[in-house]
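Notes follow the structure.
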Amino acid sequence: MKKHNTRTLRNHKIQKGTAPLQMLTCYDFQTAQMLNESEVDLLLVGDSLGNVILGYDTTVEVTLEEMIIFSSAVKRGAPDKFVVADLPFGTYSTFESGIENATKLFQKSKTEAIKLEGARPHHLELIKRLTESGIPVMGHIGLTPQSVHELGGYYTHGKDEKSKERLIKEAKDLEEAGVFCLVLECVKEDLSKSISESLNIPTIGIGSGDYTDGQVLVINDLLHLGKNDPPAFCKPIENFYEQKKEAVSKYLTQKKTVNPYNDGTSLNH
Ligand code: KIV
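One gets the numbering used here by counting positions in the sequence shown from 1 and adding 84 to each.
Laid out in structure tokens, this is it:
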């Protein structure tokens with residue numbers, strides 16, 4: 085399939101009869117090689133890296149250096165895919181730090197775009213400057229995990245009038261600031277539908293219902309690579325945690341029955 089670019093992505097609205105965009109997260113070279121051969125539209129090196137790969141409690145702990153290491157590995161494995169890298173927590177708290185760190189991440193990882201969370205005035209100003217200087221930006225609103233402590237937990241957004249109005253305004257402001265695509269995370273389905281219909285850029289939903297222009301899933305949830313069950317909105321396609329455990333156990337059982345030094349007369353270890 086042909087590699088996407090910001091022009092093909094910007095235009096990708098399901099109301100125009102196109103199939104929803106499929107984005108998956110990816111964190112390593114070998115998985116990226118496999119996804120490079122798949123029909124997936126775009127890859128996200130999400131800062132969910134912190135939770136599923138590095139074992140951190142939240143994405144707040146992920147650093148810029150870690151994002152550069154993992155996103156450049158993904159880009160090496162998936163040269164034919166449009167790859168987006170997350171700008172991690174604390175690296176864009178001010179306009180100046182945002183410009184410096186986004187440029188560093190974009191340049192060193194060689195990904196096609198970066199993503200950042202939020203739509204406060206300084207985010208909008210930053211997005212405008214980054215896009216004007218040639219760095220495509222994907223937006224992200226609703227549940228923004230980097231603000232989990234400030235938000236007071238992980239929950240669905242857009243349930244009351246105030247939150248609805250705020251999200252509608254944030255989506256419009258981000259489109260105006262120049263994002264080429266917008267992630268809606270855990271946004272109530274009716275609201276994510278009306279936001280998607282009101283924007284000219286595509287929305288990509290996670291836990292936000294079926295009416296967005298695309299969907300994104302954390303690949304470790306989709307393939308059930310972890311010990312714990314994924315969030316309720318993700319129905320794993322396989323349970324590779326159990327399959328890998330069984331495979332390792334099969335190998336160990338085979339090895340334990342064969343000891344080339346054991347002639348049957350000694351039980352020395
Ligand atoms: O970090 C991530 O994986 C994300 C997706 C859930 C959108 O931001």
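Virtual Cβ for every residue (Gly too), placed ideally from N, Cα, C.
Limits of the beta strand (DSSP E) - the one that A169 falls within
Looking up residue 169 in the sequence shown gives position 85. Residues 166-170.
From A169, A103, P104, pick the residue whose C-alpha is nearest to that of Y111; which is it?
Taking the sequence shown and counting its residues from 1, one reaches residue 111 at position 27. Among A169, A103, P104, the Cα nearest to that of Y111 belongs to A169.
Do P320 and L307 come within 8 Å of each other at the CB atom, strictly closer than that value?
Reading the sequence shown from its first residue, position 223 is the one you call residue 307. Reading the sequence shown from its first residue, position 236 is the one you call residue 320. Against a cut-off of 8 Å, the Cβ pair of P320 and L307 comes out as a contact.
CA-CA distance, P221 and K97?
Walking along the sequence shown from the start, residue 221 turns up at place 137. Walking along the sequence shown from the start, residue 97 turns up at place 13. Per the sequence shown, the amino acid found at residue 221 is Val instead of Pro. A direct Cα-Cα distance of roughly 18 Å separates V221 from K97.
What is the DSSP secondary structure of A331, reduced to helix, strand or coil?
What you label residue 331 is simply residue 247 of the sequence shown in a count that begins at 1. Residue state, collapsed to three classes: helix.
In chain order, which alpha helix (DSSP H) runs of at least 4 residues are fully inside the segment 161-230?
With a minimum length of 4 residues, the unbroken runs of alpha helix (DSSP H) contained wholly in the segment 161-230 fall at 179-193, 205-216.
Looking at the unbroken alpha helix (DSSP H) that takes in V136, where does it start and where does it end?
Position 52 of the sequence shown, counted from the first residue, corresponds to residue 136. Per DSSP, V136 belongs to the alpha helix (DSSP H) from 133-136.
Under 8 Å, do T228 and E201 count as touching if we go by C-beta distance?
Locating residue 228 in the sequence shown gives position 144, counting from the first residue. Locating residue 201 in the sequence shown gives position 117, counting from the first residue. In this structure, the beta-carbon distance from T228 to E201 falls below 8 Å.
What's the gap between the Cα of F317 and the Cα of N343?
Within the sequence shown, residue 317 is the residue found at index 233, counting from 1. Within the sequence shown, residue 343 is the residue found at index 259, counting from 1. Rounded to whole angstroms, F317 to N343 spans 47 Å at the Cα level.
Excluding five sequence neighbours on each side, which residues of the same chain lie with their C-beta closer than 8 Å to the C-beta of K192?
Translated into the one-based positions of the sequence shown, residue 192 becomes position 108. Short of 8 Å from the beta carbon of K192, and not among the five residues preceding or following it, lie these beta carbons of its own chain, in chain order: I152, S156.
I'd like to check one pair, F154 with V129: are the Cβ atoms closer than 8 Å?
Along the sequence shown, one-based indexing puts residue 129 at 45. Along the sequence shown, one-based indexing puts residue 154 at 70. For the 8 Å CB-CB criterion, V129 and F154 form a contact.
Terminal residues of the continuous beta strand (DSSP E) containing L105?
Position 21 of the sequence shown, counted from the first residue, corresponds to residue 105. Element bounds for L105: 105-109.
Would L258 and I211 be called neighbours here (beta carbons separated by less than 8 Å)?
Locating residue 258 in the sequence shown gives position 174, counting from the first residue. Locating residue 211 in the sequence shown gives position 127, counting from the first residue. In contact: L258 and I211 (Cβ atoms closer than 8 Å).
Let me know the secondary structure DSSP gives I152 once reduced to three states.
Looking up residue 152 in the sequence shown gives position 68. In the three-state scheme derived from DSSP, where H, G and I count as helix and E and B as strand, I152 is classed as helix.
According to DSSP, is T341 helix, strand or coil?
Residue numbering aside, residue 341 sits at position 257 when the sequence shown is read from its first letter. Helix at T341.
Residue interval of the beta strand (DSSP E) (run including E269):
Numbered from 1 along the sequence shown, position 185 holds the residue referred to as residue 269. Element bounds for E269: 265-269.
Between P104 and D274, is the Cβ-Cβ spacing less than 8 Å?
For the purposes of this step, residue 104 is taken as the residue at position 20 of the sequence shown. For the purposes of this step, residue 274 is taken as the residue at position 190 of the sequence shown. Here P104 is not near D274, since their CB atoms are 8 Å or more apart.
From the DSSP output, read off the bridge partner residues of I279.
Numbered from its first residue, the sequence shown carries residue 279 at position 195. According to DSSP, which records beta bridges pairwise, I279 is partnered with nothing at all.
Give the straight-line distance between the Cα atoms of L126 and Y140, rounded to the nearest whole angstrom.
Here residue 126 refers to the residue found at position 42 when the sequence shown is read from its first residue. Here residue 140 refers to the residue found at position 56 when the sequence shown is read from its first residue. Going by the C-alpha atoms only, they are around 25 Å apart.
According to DSSP, is L251 helix, strand or coil?
The sequence position of residue 251 within the sequence shown is 167, counting from 1. L251: helix per DSSP, three-state reduction.
Roughly how many angstroms separate the alpha carbons of P172 and H241, rounded to a whole number?
Taking the first residue of the sequence shown as position 1, residue 172 is located at position 88. Taking the first residue of the sequence shown as position 1, residue 241 is located at position 157. P172 and H241 have their C-alpha atoms spaced approximately 22 Å apart.
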